[in-house]
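For the protein sequence lines, the chains are P and R, in the order given.
In case it helps, my numbering puts the first sequence at residues 1 to 550.
In case it helps, my numbering puts the second sequence at residues 1001 to 1550.
All C-beta atoms, glycine included, are put in the ideal place defined by N, C-alpha and C.
Have a look at the structure below, then the notes.
There are 2 protein chains.
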Amino acid sequence: MTEYPMSPLMGQMMDQPLLISSIFAFAARHYGDTEIVSRRVEGDIHRYTYRDCERRARKLAHALAGLGVKTGERVATLAWNGYRHMELYYGVSGSGAVLHTINPRLHPEQIAYIVDHAEDQFLFFDLTFLPAIELMARQCKTVKGYVALCGREHMPANTGIPMLMCYEELVDAAPPDFAWPQFDERSAASLCYTSGTTGNPKGALYSHRSTVLHAYASAMPNALNVSSSDVVLPVVPMFHVNAWGLPYSVPLSGAKMVYPGAALDGKSLYELFEAEGVSFSAGVPTVWLGLVNHVLQNDLRFSTFRRTVIGGSACPPALMDTLIDRLRVQVVHAWGMTEMSPLGTACTLGYRHAALPAEEQRAVLRKQGHAIYGVDMKIVDDDGGELPWDGTTYGHLLVKGPWVVSGYYRSDEGDVLQDGWFPTGDVATIDGDGYLHITDRSKDVIKSGGEWIGSIDLENIAMAHPAVLQAACIGVPHPRWSERPLLVVVRRPGMELAREDLLAFYEGKVAKWWVPDDVVFADSLPVGGTGKIQKNRLRDLYHEHRLPTA
Amino acid sequence: MTEYPMSPLMGQMMDQPLLISSIFAFAARHYGDTEIVSRRVEGDIHRYTYRDCERRARKLAHALAGLGVKTGERVATLAWNGYRHMELYYGVSGSGAVLHTINPRLHPEQIAYIVDHAEDQFLFFDLTFLPAIELMARQCKTVKGYVALCGREHMPANTGIPMLMCYEELVDAAPPDFAWPQFDERSAASLCYTSGTTGNPKGALYSHRSTVLHAYASAMPNALNVSSSDVVLPVVPMFHVNAWGLPYSVPLSGAKMVYPGAALDGKSLYELFEAEGVSFSAGVPTVWLGLVNHVLQNDLRFSTFRRTVIGGSACPPALMDTLIDRLRVQVVHAWGMTEMSPLGTACTLGYRHAALPAEEQRAVLRKQGHAIYGVDMKIVDDDGGELPWDGTTYGHLLVKGPWVVSGYYRSDEGDVLQDGWFPTGDVATIDGDGYLHITDRSKDVIKSGGEWIGSIDLENIAMAHPAVLQAACIGVPHPRWSERPLLVVVRRPGMELAREDLLAFYEGKVAKWWVPDDVVFADSLPVGGTGKIQKNRLRDLYHEHRLPTA
């Protein structure tokens, strides 16, 4: 770690480390009666308070010590969004161990790889994932025990899982007098693996300092804007980059927390939104599609839901329009990544936008927005030269900041930074007002005759066609232009759509040379562990596709 | 400084120090075109952008180096809120020196004491303060030069001030290529002296870390709630605890900044609010009284002003009601002190208050509010025993947090903390929801027969009487009860008010034994350097006052 020179005159302020335990101790003390409501895997609704949660997190920390978990050792979770998972967030990190949240949507062999690589000592799991645990338990050499997140009455029998324990018994048996230890704030707090489309997953190892700073920054009005007047339902999973930091930013803001468990379909979410008075939520576009469809098809309306943050991948403009114009839900488009804890930018309007016509405001809101203070960003060409912020020049996006990784956990990749900046793998423009617009992944950008074509813009246009359910645009080899865009489309059930009609739909919406050279129709698109379309698989599939222009 | 143990596993995040220069570099880069508008001492309106401001701050940093100012050395300002003062905020602290903002309302001998105690190397001043500088320049031994904040055309002649320089010449002559140095974030950044009512002023020495953390925390929605959609006018002076941190929290939020200069009367403020579209402001109650009176007397309304933070002393309920009910300005009651950078609490409603009747909501808003995450607080009895949070038990208020002082600059007082907590000198209750209510200063509380009577509550009731302009309540000696309350009142010009009528006004508003024993009428009340009523002087004045109950 870098040591910076000290001034001959140091400040005379209290020297307190930024620790995750301090967030929860604060919530328990200052917002002790504020509720945490969870839809459990068991099926019922569970409710208690920040005070209760912190008390159980301290009992859990005690139990972990009893199991022999030491400072810096990894404890894994395979769990949905719920109060027990939150107790693990605080109990594990707060006690000085490292919380390793595993994405259960990964393939079992990837999970086994991750558990081995992280050298997890214990694994806590929701009953949903019992079959996966049964499959992999004998492969995971470092794991000393498995803990089922349930009470004795729900414990599975005859599982064949070695050292299977019951969470509620573990917590119940522990005394509540655990005092959160104080240690260097740069100590590791949690670990999250990226689900790379190629190669093995790589671990981002967050520190207490990075987590607390990210929590402050992400709660600010320009970002997630979380306050004690909010009731927050994180749809984004706690196994996906710490649910975008909401398990930290919500308690420090004193907002009520509502966890949806495993029921993420439109109907279940809508009912929970209404029953608990949810005002704010956050998640990836696909979840909102499901919720919005449920609401529209059943002619419902939201009573309290007023604001959502959409990230993970670009929000289709049609979805944004429906949320804002028909359902009166404010949409904050955000961008980040596992390596950024994850928040990099969020899109809110500035004081100068207030006087703009609604159409122009909407055009701003479609961008990924402004860097949050703490994050710096730049766009560069293939040689690393910085490019202008003019809203049209495309470049590779690089970032830095105190909640950006400096490397990967136990990686032999060498320095992953470029001159101290982290290469995001995204391609973007930045306009004169500082608004970022992600146009593509560096590996997905279509290089046509030396110029770049952004695949996401082309997909968004296709998605706006009423007969299109899903669309992906990839570059395929072209003898003259090196690459040209090919559109792969899934039609809406029961709807007709001809190749020529879809291509005509691009007229006037993009430059002529951006219009895809061809369209193929498919029954479905390949989707990876985090719900994103796997374009590398599409490229393999259509590598030999002969374009009519070739 | 405390060193905390490191974990065997440290996080792998970028190691960047939290430095004040990073706020401004961020604003210049990401909100480069956002405006800073200042009413100058010269009389005109000056406007430029964050980009311009940062460029000049770098030139200033270069100039300071040229003057021989070294890391950790103090540079003083005696200046109003304006863009040049902001350049000093960043240029001085950013370069590693320490910005010492002096309150010009202090007595000249206090100012000379402070300058000597701080060992200020240079003093930058607005022309308003030329007479004060002329008086004290020869007394201040450590000061190597004085810099007038103006251009050559406004430089005063024949002042007798040694080493008098012109700010604009200094900045103009410096090259703009200064690179902000990187150093330990706990290094001293700025210095602010408390204007203690007794004894010499004491210096709070803020660090870069405490300032940046305070900026994050104070920008959050539960606190000042600053966003890029705001146009912010800090009425609270930049010489008063860094204008409550707004010169930091506003740029990092990308809001437009409007500085009022020396013109703080109702008419000047109103005109600037309207001309610049101010949406948010912050200041002490007396300033709002002037502004509100101007607006009401001239039958005006605010076009854009929507929210204000009121602190420094308790907001009179009548003022709060007028702002909210008649002028539709949201009032955030806040509490803090010089030793807390200054923000400790802010009062906003939680999700559970939404369903309450307006009257009950207002009762919550009259409190000083909730601790901001980072600050912890407790109330204790005379022996240091912690008291319950029930909304009625009074106790001495103690605080801690990373932006609370651990001691005073060059002080021989010894440990000012109690068991690691800073004693605020305030008396308060905290209710079950965590809302703080300051009821008095520890030294102003009236101790009647072993029970405490809060002087502020009694003053607020008197202030609500239509014939009362100002009121102060003090304890005076009583043979049986040790102390009993005496009310000192200034009547509104041309209005009649009898002692008996005012005492009858308390009926049903407080417990019988709280009703003051007597009322005396005065032409004015003594006021100190920060605009607060000097109760110690009142106590001296009325020490011999014979209560009718004695």
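(1) Apart from the five residues on each side of it in sequence, which residues of its chain come closer than 6 Å, Cβ to Cβ, to Ile474 of chain P?
(2) Just reading off the alpha helix (DSSP H) that Thr1211 of chain R is part of, what are its end residues?
(3) Using the Cβ count rule (16 or more neighbours within 10 Å means buried), how would you classify Met1340 of chain R?
(4) Any Cβ of chain P within less than 9 Å of the Cβ of Trp977 of chain R?
(5) Buried or exposed for Val241 of chain P, please, with buried defined as at least 16 other CB atoms from any protein chain shown within 10 angstroms of its CB.
(6) Which of helix, strand or coil does DSSP assign to Asp184 of chain P?
(7) Taking a contact to mean a Cβ-Cβ separation below 9 Å, would you say His1117 of chain R touches Tyr1409 of chain R in this structure?
(8) Name, in chain order, the residues that DSSP records as bridge partners for Gly1449 of chain R.
(9) Can you look up Thr77 of chain P in the DSSP assignment and give me helix, strand or coil?
(10) Please confirm whether Arg1209 of chain R has its beta-carbon closer than 9 Å to some beta-carbon of chain P.
(11) Are the CB atoms of Leu541 of chain P and Val519 of chain P nearer to each other than 9 Å?
(12) Just list the beta strand (DSSP E) runs in the segment 1228 to 1298 of chain R, keeping only unbroken ones of 3 residues or longer that don't cross its boundaries, in chain order.
(13) Could you have a look at Glu1483 of chain R and say whether DSSP puts it in helix, strand or coil?
(14) Could you tell me whether the Cβ of Lys256 of chain P comes closer than 9 Å to any Cβ of chain R?
(15) Along chain P, which residues have their Cβ under 9 Å away from the Cβ of Asp1376 of chain R?
(16) Can you check the segment 1085 to 1172 of chain R for any alpha helix (DSSP H) of at least 4 residues that lies completely inside it and give the ranges in chain order?
(17) Can you tell me whether Asp1126 of chain R is buried or exposed, with buried defined as 16 or more other CB within 10 angstroms of its CB?
(18) Under a three-way DSSP split, which group does Tyr1193 of chain R fall into?
(19) Leu1497 of chain R and Asp1517 of chain R - do their beta-carbons sit closer together than 9 Å?
(20) Starting from the Cα of Asp44 of chain P, find the closest Cα among P:Asp444, P:Tyr89, P:Ala65 and P:Leu272 and give me that residue.
(21) With Gly1068 of chain R and Ala1174 of chain R assumed to form a contact (beta carbons below 8 Å), what rounded beta-carbon distance in angstroms separates them?
(22) Roughly how far, in whole angstroms, is the beta-carbon of Ser442 of chain P from the beta-carbon of Gly420 of chain P, given that I think they are within contact range, below 8 Å?
(23) Using a beta-carbon distance below 9 Å, is Ala189 of chain P in contact with chain R?
(24) Tell whether a beta-carbon distance below 9 Å holds between Glu1119 of chain R and Glu1073 of chain R.
(25) Identify each residue in the segment 1294 to 1307 of chain R for which the Cβ-Cβ distance to at least one residue of chain P is less than 8 Å, and report them in chain order.
(26) Less than 9 Å between the beta carbons of Ser21 of chain P and Tyr90 of chain P, yes or no?
(27) Can you pull the chain P residues whose beta carbon is under 8 Å from the beta carbon of Ser1281 of chain R, in chain order?
(28) At a CB-CB cut-off below 7 Å, which residues of chain R make contact with Val231 of chain P?
(29) In the DSSP assignment, find the unbroken beta strand (DSSP E) run with Tyr1048 of chain R in it and report its ends.
(30) Using the three-state DSSP reduction, which class does Ser1303 of chain R fall into: helix, strand or coil?
(31) May I have the straight-line CA-CA distance separating His1030 of chain R from Leu319 of chain P, to the nearest angstrom?
(32) If you follow the alpha helix (DSSP H) that Met1463 of chain R is in, where does it begin and where does it stop?
(33) Can you tell me whether DSSP reads Arg366 of chain P as helix, strand or coil?
(34) Indicate whether at least one CB of chain R lies closer than 9 Å to the CB of Pro156 of chain P.
(35) In angstroms with no decimal places, state the Cα-to-Cα distance between Gln1361 of chain R and His1353 of chain R.
(36) Which word fits Ala355 of chain P, buried or exposed, when buried means at least 16 other C-beta atoms lie within 10 angstroms of its C-beta?
Looking at the atomic coordinates:
(1) Leu486, Lys535, Leu538 and Arg539
(2) His1208 to Ala1219
(3) buried
(4) There is simply no residue 977 of chain R to check, as chain R begins at 1001 and stops at 1550 in what is shown.
(5) Flag for Val241 of chain P reads buried.
(6) Three-state result, Asp184 of chain P: coil.
(7) yes
(8) According to DSSP, Gly1449 of chain R bridges with nothing at all.
(9) strand
(10) yes
(11) no
(12) 1231 to 1234, 1256 to 1259 and 1280 to 1283
(13) strand
(14) At a cut-off of 9 Å between beta carbons, Lys256 of chain P contacts chain R.
(15) The answer, in chain order, is Ser22, Ala25, Phe26, Arg29 and His30.
(16) Counting whole runs of 4 or more residues, the segment 1085 to 1172 of chain R contains the alpha helix (DSSP H) stretches 1108 to 1118 and 1130 to 1136.
(17) buried
(18) strand
(19) Not in contact: Asp1517 of chain R and Leu1497 of chain R (Cβ atoms no closer than 9 Å).
(20) Per the Cα distances, P:Leu272.
(21) Incorrect: roughly 14 Å between the Cβ atoms, too far for contact.
(22) Not confirmed; about 19 Å, so no contact.
(23) yes
(24) yes
(25) none
(26) Cβ distance < 9 Å, so Ser21 of chain P and Tyr90 of chain P count as in contact.
(27) Simply none; closest approach about 14 Å.
(28) Tyr1351
(29) Looking at the DSSP string, the run of the beta strand (DSSP E) that includes Tyr1048 of chain R is Ile1045 to Thr1049.
(30) coil
(31) 28 Å
(32) According to the DSSP assignment, Met1463 of chain R belongs to the alpha helix (DSSP H) that extends over Ser1455 to Met1463.
(33) coil
(34) no
(35) 7 Å
(36) So Ala355 of chain P ends up on the exposed side.
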